[in-house]
Each structure stands twice: as structure tokens, then as C-alpha cells.
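A.B. asks: Okay, handing you the structure first.
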Amino acid sequence: MVVWFIAGMSAERISLQRAKRDKLFYVVANVVVFRESDKRCLILKRHSREKVHPDKYAVPGCKLEWVNLPIDKPTRMTGEVCDFENAVEDLLVRETREEAGIEIYPYLKYLNSVAFSS
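Using the working numbering, the letters of the sequence shown map in sequence onto residues 671 to 788.
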């Protein structure tokens, strides 16, 4: 099966046979950690083994994957659809703790969204 979508001005093909299980589409979230006391932002160096932007500097973030959702504990059910409130916020708090060893408050301000294909 092939899914068509528009990328820029031309139609592109996505092969479902080449997609990884549960990974046809990703939700990637990043957080800019700003320290008010000295007006600084946290920037981390990505590992050399990263597939995307190895050895580059970036703000903390990661992909929201199927396994990150507690499928047996949704926030609410809408028919047969499981809703997970604050999934992105919880992900960013956890990732910042894991990547930088610091706790951030789960009070986040939305800055921007971008869709891309590779």
C-alpha cells in the first residue's frame, strides 16, 4: 500500500512497507528551558550516534511514541478513542530530567509547530 501526500509543491510517496511498526508518523516535541535568574537557555550537544543532527547542539526534546502512552490508563475515552491529556508536556518534563538531569515545571508556553518529511 502507498499513501500519497503533498510535500511542498509536488506529490510524494510514502511506502507503508518501509515504515517501522507503529512509526509511520512521529510527533516530535522540544522545550526551550529558560532560567529567569540569569536569562539563559539550556542547550545540549546531541550524541554522535544520533540519526538526525549528530554532534549538533539543540534544546531538549524527543519523539512521542506509541509506547510512551499508557494505553491502559487514558485520561478519558471518547467512544473507542483513548485521550491522553498533557502527553506532550509530560514527555518534555521527563526528557529534560533524563537528558539534562534537571526538573522543569510542567508550565509550558506554546511557541511554534512545524511539519516536515524526510
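Note that beta-carbon positions come from the ideal geometry of N, C-alpha and C, so glycine has one too.
#1: Under a Cβ-count criterion, where at least 16 other Cβ atoms within 10 Å of its own Cβ denotes burial, should residue 766 be classed as buried or exposed?
#2: According to DSSP, residue 753 sits in a beta bridge with which residue or residues?
#3: Taking the alpha carbon of residue 773 as the reference point, which residue from 703, 697, 696 and 699 has its own alpha carbon closest?
#4: Would you mind sorting residue 711 into buried or exposed? The rule is 16 or more other CB atoms within 10 Å of its CB.
#5: According to DSSP, is residue 764 helix, strand or coil?
#6: What's the gap between the Cα of residue 732 and the Cα of residue 726?
#7: Indicate the three-state DSSP secondary structure (helix, strand or coil) for residue 702 in the structure shown.
#8: Here's the rule I'm using: 16 or more other beta-carbon atoms within 10 Å means buried, otherwise exposed. How should residue 781 be labelled?
#9: Cutting at 8 Å between CB atoms, please list the residues of its own chain near residue 729, excluding the five before and the five after it.
#10: Excluding sequence positions up to five away, which residues of its chain have a Cβ less than 8 Å from the Cβ of residue 785?
C.D. replies: According to the structure data:
#1: Only buried fits residue 766, as 16 or more other CB atoms lie within 10 angstroms of its CB.
#2: Partner(s): 746.
#3: With distances taken between Cα atoms, residue 773 lies closest to 703.
#4: Under the 10 Å beta carbon count, residue 711 is surrounded by fewer than 16 other beta carbons and is classified as exposed.
#5: Correct three-state label for residue 764: helix.
#6: Rounded to whole angstroms, residue 732 to residue 726 spans 15 Å at the Cα level.
#7: Note: residue 702 maps to coil in three-state DSSP.
#8: Exposed: under 16 other Cβ atoms inside 10 Å.
#9: If we look at residue 729 and ignore the five residues flanking it on each side, its Cβ neighbours are 700, 701, 702, 703, 711, 712, 713 and 714.
#10: The same chain holds no residue with a CB closer than 8 Å to that of residue 785 once the five nearest residues on each side in sequence are set aside.
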